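In the numbering used here, the protein residues as written are 12 to 258. Worksheet: the structure to be examined is printed underneath.
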Amino acid sequence: MKNIDPNHIAIIMDGNGRWAESKKHSRLWGHIKGSQTAQDIVEAAINKNISYLTLFAFSTENWKRPVSEVQFLIKLLERHIKKRKADLLKQNVRVLCVGDLTPFPDHLKNELSDIQKATSKCTGLTLIFALNYGGKQEILQAAFKAAQAAFSSSSKLTSKEKFLELFESHLEFSTIPDPDLIIRTSGEQRISNFMLWSSAYSELYFSPKFWPDFSKQDFFEAINEYSCRQRRFGGLKHMDPIKESLA
Ligand code: FPP
12 MKNIDPNHIA IIMDGNGRWA ESKKHSRLWG HIKGSQTAQD IVEAAINKNI SYLTLFAFST
72 ENWKRPVSEV QFLIKLLERH IKKRKADLLK QNVRVLCVGD LTPFPDHLKN ELSDIQKATS
132 KCTGLTLIFA LNYGGKQEIL QAAFKAAQAA FSSSSKLTSK EKFLELFESH LEFSTIPDPD
192 LIIRTSGEQR ISNFMLWSSA YSELYFSPKF WPDFSKQDFF EAINEYSCRQ RRFGGLKHMD
252 PIKESLA
């Protein structure tokens, strides 16, 4: 039996630098092409009626890159958001951001805040930009906040299940369904600190193409392959494995 199309697709957009270097261009050119690919894939997700699309646009580890590349990525993101705002609104796309935005410059933070406000009532695709996001950081922060809430509250925590509920409510992705499909481009086959908690039962799809070469057709092929996978969540039928094991 075929799976229905994924509700939530998350993408590790990898290979901009290698794509550019293979063409004897600067890595920055690769990021520009990568931002165009991001636009194409958002359109493809809209055409496919996907409900949630997460793009890993800047990781907590990306600060380790040369300052010039980091500054360029920040400018590119800002320009992309500014340029795309009117179209996204027209396309009924709701934009959200996850990650710690504090270290970003005010002009990027303002653009992000504007687009989230402007699109907050949109009911089509939810497009999530993961920015200065790290999966371990998300888990650590949620555990810390849940522990603080548990210790300061007079109501005692009576079960692991109750703590799980509290913990999950503090995750950055708490209001977003778990990703059904995670795509990584560029031939690398690892998860690189992306959505560590919510990807527990995601299907993984690795494309050999560098992100700037990843086309709408490639995106549809990934969805097609997903629809042929058998998802058992560790059991014999669809169920939430973590909640079941704690019951
Ligand atoms: C990985 O390529 C990509 C990134 C670190 C950032 C992703 C950014 C973009 C796709 C462009 C901006 C995005 C938007 C949505 C405007 P890499 O530099 O790690 O490539 P490499 O592994 O070949 O060096």
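Even for Gly, the Cβ is constructed at its ideal location relative to N, Cα and C. This one's a predicted model, so the numbers in the text were calculated from it and none came from an experiment.
9 Å Cβ cutoff met for residue i and residue j
i: residue 115; j: residue 123; result: yes
i: residue 64; j: residue 76; result: no
i: residue 214; j: residue 240; result: yes
i: residue 221; j: residue 29; result: yes
i: residue 21; j: residue 190; result: yes
i: residue 14; j: residue 237; result: yes
i: residue 146; j: residue 74; result: no
i: residue 60; j: residue 45; result: no
i: residue 216; j: residue 247; result: no
Cβ-Cβ separation, residue j to residue i (assumed contact under 8 Å), whole Å
i: residue 137; j: residue 24; result: At roughly 18 Å, the Cβ-Cβ gap does not stay under 8 Å, so residue 137 and residue 24 are not in contact.
i: residue 151; j: residue 161; result: Their Cβ separation, rounded to whole angstroms, is 16 Å, which puts residue 151 and residue 161 out of contact at 8 Å.
i: residue 131; j: residue 105; result: 7 Å
i: residue 211; j: residue 181; result: Not a contact, Cβ separation roughly 17 Å.
i: residue 16; j: residue 194; result: Not quite, the Cβ-Cβ distance comes to about 14 Å (not below 8 Å), so this is no contact.
Sequence-distant residues of the same chain with beta carbon closer than 8 Å to residue i, five excluded per side
i: residue 32; result: 38, 41
i: residue 43; result: 87
i: residue 100; result: 129, 130, 133
i: residue 81; result: 73, 74
i: residue 135; result: 57, 102, 103, 104, 105
i: residue 156; result: 181
i: residue 47; result: 223
i: residue 127; result: 106, 107, 108
Of the residues the options, the one placed nearest residue i, counting alpha carbons only
i: residue 52; options: 224, 203, 180; result: 224
i: residue 186; options: 109, 98, 132; result: 109
i: residue 141; options: 45, 68, 158; result: 68
i: residue 139; options: 92, 163, 58, 177; result: 92
i: residue 144; options: 201, 181, 70; result: 70
i: residue 159; options: 177, 202, 170, 245; result: 177
Beta-carbon contacts of residue i that lie in its chain and below 6 Å, excluding the five residues immediately before and after
i: residue 198; result: 219
i: residue 227; result: 51, 55
i: residue 183; result: 109, 149
i: residue 112; result: 120
i: residue 62; result: 18
Any non-hydrogen atom of the ligand FMN within 8 Å of residue i CB
i: residue 24; result: Questions concerning the ligand FMN fall outside what the structure shown contains, since the ligands it does hold are the ligand FPP.
Own chain partners of residue i with C-beta closer than 7 Å, once the 5 adjacent residues on each side are dropped
i: residue 179; result: 185
i: residue 89; result: 118, 119, 122
i: residue 201; result: none
i: residue 229; result: 218, 220
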